[in-house]
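Add 338 to a position in the sequence shown, counting from 1, and you land on the number used in our numbering. Below you'll find the structure, written out as structure tokens, and then a few comments.
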Amino acid sequence: MSSHHSPSLHVSSESFQDGQTLPPAQRSGKMRAGGKDESPQLSWSGAPAGTRGYAVTMFDPDAPGRGGFWHWAVLDLPAGVTSLPAGAGAGAEGGGHLPAGALQLKNDGGFHGYLGAAPPPGHGPHRYIVTVYALDVEHLGVDSGVSPGKLESRLAPHVLGRGTLTGIFER
Numbered sequence: 339m340s341s342h343h344s345p346s347l348h349v350s351s352e353s354f355q356d357g358q359t360l361p362p363a364q365r366s367g368k369m370r371a372g373g374k375d376e377s378p379q380l381s382w383s384g385a386p387a388g389t390r391g392y393a394v395t396m397f398d399p400d401a402p403g404r405g406g407f408w409h410w411a412v413l414d415l416p417a418g419v420t421s422l423p424a425g426a427g428a429g430a431e432g433g434g435h436l437p438a439g440a441l442q443l444k445n446d447g448g449f450h451g452y453l454g455a456a457p458p459p460g461h462g463p464h465r466y467i468v469t470v471y472a473l474d475v476e477h478l479g480v481d482s483g484v485s486p487g488k489l490e491s492r493l494a495p496h497v498l499g500r501g502t503l504t505g506i507f508e509r
């Protein structure tokens, strides 16, 4: 079944609305964009039958360089989890407030956890696309050292549904 026909999840956030500007909390402090590097609150619903787990990523396709920039990747979220509190992706190996068993990959900033938005000044608006994947496995078996850019090929065979939420930010 091609990914284009997988059912869509409804994804929402108390932190920002789809298509709206990312608030300061979700921008980067580490990269001097005046933010807190706090991962957004997320809720999702509508997972298809057979969903056994979830993964969540945040990707900036507008970043300079090849392949965009991965800000966050969370794997092995249990099927019973349908929301994450703001700040769940704190930059600790185990994560701030992630459910037991969940793991975070290194973002393209080089550390495990959530890296806030920090587009180059004057580069125009960037899109920060949060994707929630409903998966047919509890554990992807992906090592936490894998880069998020290599994750999509590992996810693809297991995706039952997906939904996205996009925040915008420019400096």
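A virtual CB, placed ideally from N, CA and C, is assigned to each residue, including glycine.
Short Cβ contact (8 Å threshold) for residue i with residue j
i, j, result
"Ser-346", "Arg-500", "yes"
"His-348", "Asp-398", "no"
"Thr-469", "Thr-389", "no"
"Ala-438", "Leu-413", "no"
"Thr-359", "Gly-460", "no"
"Phe-354", "Pro-378", "yes"
"Leu-489", "Ala-411", "yes"
"Ser-491", "Leu-443", "no"
Cβ-based neighbour list, residue i, same chain, cut-off 6 Å, excluding 5 preceding and 5 following
i, result
"His-496", "Leu-473, Asp-474, Val-475"
"Ser-381", "Ser-350, Ser-421"
"Asp-400", "His-464, Arg-465"
"Gly-447", "Leu-453"
"Ala-430", "Confidence in Ala-430 is poor, its pLDDT being 49 and thus under 50, which makes the residue's placement too unreliable to answer from."
"Ile-467", "Phe-397, Thr-502, Thr-504"
"Lys-374", "Ala-363, Gly-367"
CB-CB length for residue i against residue j, believed under 8 Å
i, j, result
"His-435", "Pro-416", "Not a contact, Cβ separation roughly 14 Å."
"Ala-295", "Met-369", "Coverage of the chain is limited to positions 339 through 509, which leaves residue 295 absent and any answer about it impossible."
"Leu-498", "Ser-344", "6 Å"
Sequence-distant residues of the same chain with beta carbon closer than 8 Å to residue i, five excluded per side
i, result
"Leu-493", "Ala-393, Tyr-471, Leu-473, Leu-478"
Own chain, CB closer than 7 Å to residue i, minus 5 neighbours either side, in chain order
i, result
"Gly-515", "The requested residue 515 is not part of the displayed model; the chain covers only 339 to 509."
"Asp-356", "Leu-503, Thr-504"
**OP:** Starting from the N-terminal side, write out each stretch of the beta strand (DSSP E) that is 3 residues or longer and does not extend beyond the region 343 to 426.
**Re:** Taking only runs of at least 3 residues, the beta strand (DSSP E) segments lying wholly in the region 343 to 426 are 348 to 350, 380 to 383, 391 to 398, 407 to 416.
Subject >> At least 3 beta-carbon pairs within less than 8 Å: the region 355 to 365 vs the region 444 to 451 >> reply: no
Original post:
Which runs of the beta strand (DSSP E) fall wholly inside the region 463 to 494 and span at least 3 residues, in chain order?
Top reply: Segments of the beta strand (DSSP E) lying fully in the region 463 to 494: 464 to 473.
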